[in-house]
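Peer 1:
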Amino acid sequence: MEAVFIAAALVFVAELGDKSQLMAMTFATRYRARTVILGMGIACALINLASALVGEALGNVIPEHVLQVVAGVVFLVFAAITAWSLRGEEHEEEIRVVPHSGRALVTVGLAFALAELGDKTMFATMTLATQYSWFWVWIGSTIGMVVSITLAVLLGKQILKVLPVRAVHAVAALLFAALGIWLLLG
Numbered sequence: 016m017e018a019v020f021i022a023a024a025l026v027f028v029a030e031l032g033d034k035s036q037l038m039a040m041t042f043a044t045r046y047r048a049r050t051v052i053l054g055m056g057i058a059c060a061l062i063n064l065a066s067a068l069v070g071e072a073l074g075n076v077i078p079e080h081v082l083q084v085v086a087g088v089v090f091l092v093f094a095a096i097t098a099w100s101l102r103g104e105e106h107e108e109e110i111r112v113v114p115h116s117g118r119a120l121v122t123v124g125l126a127f128a129l130a131e132l133g134d135k136t137m138f139a140t141m142t143l144a145t146q147y148s149w150f151w152v153w154i155g156s157t158i159g160m161v162v163s164i165t166l167a168v169l170l171g172k173q174i175l176k177v178l179p180v181r182a183v184h185a186v187a188a189l190l191f192a193a194l195g196i197w198l199l200l201g
């Protein structure tokens, strides 16, 4: 169960103020909240499942001490990338609104899945699954993302008024760095 908590907390914090939440807010202006949460939630569960299974496979092939060093370095890189994003005035991507097509669930799910491919949370899920049970990492990372998405849909722009994006990204960078150091130190 430790894996569920670690994955959920890590992914939740990493997603705060990220493009996933901005997409959720944008889609919520066009589609019903339930449709946005369900579409993004299904896509999230599938992406996290694939990520956790890849991480598990890597964990079975590569020696544990090597994986621990690689995982530590990966999280330190995530910390550096997240901290680097704090520079400058503008650091948010522009979100393109997908027009309503009658297939809102599929539109939302596919758009979210495509946007998340290669995202830091995908790699974080993979990395955690090399250290913990893939199933619990999958459950935890999916919970973290769905809670983050739900907050974005239900609270919308209010989140960013209460939690400045820069502060959220700074906390995410610190969390990634702490996890990286913890993994490197064993």
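So for the sequence shown, the numbering used here puts the first residue at 16; every next one is plus one.
The beta-carbon is built from N, C-alpha and C at its ideal position, and this holds for glycine as well.
Remember, it's a predicted structure, so these values are computed and weren't measured experimentally.
Output the distance between the C-alpha atoms of A22 and S66, rounded to the nearest integer angstrom.
Peer 2: Straight-line Cα distance between these residues: approximately 12 Å.
Peer 1: To which residues of the same chain is N63 closer than 6 Å at the C-beta, ignoring the five residues directly before and after it?
Peer 2: Answer for N63: T140, W153, S156 and T157, listed in chain order.
Peer 1: For L200, count neighbouring C-beta atoms within 10 Å of its own C-beta (all shown protein chains included) and say buried if the count is 16 or more, exposed if not.
Peer 2: Result: exposed.
Peer 1: What is the C-beta distance between A188 and A98, in whole angstroms, given that I count them as a contact (C-beta under 8 Å)?
Peer 2: A188 to A98, Cβ: 4 Å. Contact.
Peer 1: Just checking, does the stretch 163-172 make contact with the stretch 42-53 on the three C-beta pairs under 8 Å criterion?
Peer 2: They touch, by the three-pair rule.
Peer 1: If you run the structure through DSSP and keep just helix, strand and coil, what is M160?
Peer 2: Correct three-state label for M160: helix.
Peer 1: I'd like the list of long-range same chain contacts for W149, defined as Cβ closer than 7 Å, with 5 residues on each side in sequence excluded.
Peer 2: The residues are A67, L68, G70 and E71.
Peer 1: Output the distance between the C-alpha atoms of V186 and C59, rounded to the nearest integer angstrom.
Peer 2: Using only the alpha carbons, I get a separation of about 22 Å.
Peer 1: Have a look at I52 and L129 and give me their C-alpha separation to the nearest angstrom.
Peer 2: Looking at the two C-alpha atoms, the distance is approximately 16 Å.
Peer 1: Identify which residue in V76, A48 and L37 has its Cα closest to the Cα of A144.
Peer 2: Nearest C-alpha to A144: V76.
Peer 1: Starting from T44, trace the alpha helix (DSSP H) in both directions and tell me its first and last residue.
Peer 2: Note, T44: premise wrong, no alpha helix (DSSP H); not H, not E.
Peer 1: Give me the Cβ distance between L198 and Q83, rounded to the nearest whole Å; I'm assuming they're in contact under 8 Å.
Peer 2: Correct: roughly 5 Å between the Cβ atoms.
Peer 1: With DSSP collapsed to three states, give me the class of S148.
Peer 2: Coil.
Peer 1: In whole angstroms, give me the CA-to-CA distance for V26 and L120.
Peer 2: Distance between the alpha carbons of V26 and L120: 23 Å.
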